[in-house]
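In my numbering, the protein residues as written are 2 to 219.
Just so it is clear, CB atoms sit at the ideal spot from N, CA and C, and this is done for glycine as well.
Down below is the structure, laid out as structure tokens.
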Amino acid sequence: MDLFSRSWTALRTAVAELPDEAFAQPSGCADWLVQDLVCHLIIDAQDVLITLVTPAQTEPTRDAVTYWEVARTPPTGDDPLDALTVRLAAAYQEPRLLKFHLDDVGSAAGRAAGLADPALRVGTRDEVLTAGDYLSAYVMEWTLHHLDLVAHLPDAAGPPAEGLAGARELLEKIAGAAFPVSFSDEDALLVGTGRRAPTGAERAALGGLAAKLPFVLG
């Protein structure tokens, strides 16, 4: 729960500190500008709020690892929700409005997470998880999107080290294998999720794991 809070606070702070011109720059998400990614984060924050107030009575069907749907190919942008996100982001027109909405909804999501009982069962995507597992899964979401946010913004602050380490640990559980110790946490996440291709040396170090890449999480 604490790692969720630190990762989410760091991401929201990074967005708040961006200059206006950064919103028109590409992000690490294919075909999305930074403004599109920030709009997606607003939708994510709404999802957190909705999930935390959607209690479930049945046994959990997923945990922080199995929450993720894993694909081998990245999204094409043809998904209706992806297209809606781009149109919605453009409708804001001014970066300050995106910043305001993310701060408003994002702060509420952060407070709700801090108040949640980790053992509470919640429903989302027709599945049941404990609130603790759900928020743990979102450490991955926040960390990957923080990397996406700063992918082409060298002056922007990146995700906290503990968030990177936590997300790497979760990705290794999803992969069923550890990434080489020579990989930094950031490199493991970028290569592991297909955000960049491994170098020749990295591919050699990956061994058999290279054939399983990427793990596209959705």
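| query | By a C-beta neighbour count over all protein chains shown, 10 Å radius and 16 as the cutoff for buried, is G208 buried or exposed? | reply | G208 is exposed by the Cβ-count criterion.
| query | With 16 as the cutoff for other CB atoms within 10 Å, does G29 come out buried or exposed? | reply | The residue in question, G29, is buried, as its Cβ has 16 or more Cβ neighbours within 10 Å.
| query | On the three-pair Cβ rule with 8 Å, is the region 120 to 128 touching the region 137 to 153? | reply | Touching, no.
| message | My output table needs one value for V35: the three-state DSSP class, helix, strand or coil. | response | Three-state DSSP puts V35 in a helix.
| task | Please state if the CB of P96 and the CB of Q36 are separated by a distance shorter than 8 Å. | result | In contact: Q36 and P96 (Cβ atoms closer than 8 Å).
| Which class does E95 belong to by DSSP, given the choice of helix, strand or coil? | In the structure shown, E95 falls within a coil segment according to DSSP collapsed to helix, strand and coil.
| field | Cβ-based burial, L98 [other Cβ within 10 Å; buried from 16] | value | Answer is exposed; the Cβ neighbour count stays below 16.
| Which class does E224 belong to by DSSP, given the choice of helix, strand or coil? | Outside the displayed range of the chain (2 to 219) lies residue 224, so it cannot be described from this structure.
| Which residues in the same chain have their Cβ closer than 8 Å to the Cβ of Y68, if we skip the five residues on either side of it in sequence? | E128, L130, D134, Y135 and A138, listed in sequence order.
| request: Look at the alpha carbon of S6 and the alpha carbon of L12, and state the distance between them as a whole number of angstroms. | output: Approximately 10 Å between the Cα atoms of the pair.
| request: Select from A211, T194 and L19 the residue whose C-alpha is nearest the C-alpha of A202. | output: The residue among A211, T194 and L19 with its C-alpha nearest the C-alpha of A202 is A211.
| query | Do you know whose CA, among V49, D83 and A90, lies nearest C40's CA? | reply | Selected option, being the one with the closest Cα: A90.
| Can you give the Cα-Cα distance for L145 and L190, rounded to whole angstroms? | Between L145 and L190, the alpha-carbon positions lie close to 7 Å from each other.
| Since G219 contacts E70 with CB under 8 Å, what's their CB separation in whole angstroms? | Right, the Cβ-Cβ distance comes to about 5 Å (below 8 Å), so this counts as a contact.
| task | Could you check if S8 is buried or exposed, using at least 16 other CB atoms within 10 Å of its CB as the buried criterion? | result | That one is buried.
| said: Please return the same chain residues whose Cβ sits closer than 8 Å to the Cβ of Y93, not counting the five positions on each side in sequence. | reply: If we look at Y93 and ignore the five residues flanking it on each side, its Cβ neighbours are Q36, C40, L99 and H102.
| field | DSSP beta-bridge partners of R63 | value | DSSP lists no partner for R63.
| field | The beta strand (DSSP E) enclosing E128, as first and last residue numbers | value | The continuous beta strand (DSSP E) containing E128 extends over residues E128 to T131.
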